[in-house]
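Residue 2 is where the sequence shown starts when you use my numbering, and the numbers rise one by one after that.
All C-beta atoms in this analysis are idealised placements derived from N, C-alpha and C, irrespective of residue type, glycine included.
Report on the structure given below.
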Amino acid sequence: MREILFVVASVAGRYEPDFIAFHQRLTVQSKPPKVVRIALAHKLLVRLNAKAREVRHHMKVLHTPPQPALSALRI
């Protein structure tokens with residue numbers, strides 16, 4: 002799983018503008034390639050987790066049963 006994350010992060014580091022800027026910033030700071038690779042993978046993982054949390058929230062909202070109206074509760 003880790004290797005897949007590194008591969009996807011390296012691809013994102015070539016084509017995604019935020020990742021390109023992050024990669025260049027780390028390279029200019031003379032970070033070793035392995036550190037840059039791990040940092041890109043970490044950044045990607047954080048974004049994927051945030052997206053998954055967002056999707057779970059939307060699914061929960063969509064599947065919440067409607068609440069009965071107050072007038073229906075009165076007899």
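**Q.** Through-space distance from His-43 to Arg-57, alpha-carbon basis
**A.** 21 Å
**Q.** Three-pair Cβ contact test at 8 Å for the segment 4-21 versus the segment 34-54
**A.** yes
Distance between Ala-53 and Pro-33 (C-alpha atoms, nearest Å): 30 Å
Requested in this report: Specify the secondary structure class of Glu-17 as computed by DSSP and reduced to three states.
Outcome: coil
* Asked: Apart from the five residues on each side of it in sequence, which residues of its chain come closer than 7 Å, Cβ to Cβ, to Phe-7?
  -> So the qualifying residues of the chain are Arg-38 and Ala-42.
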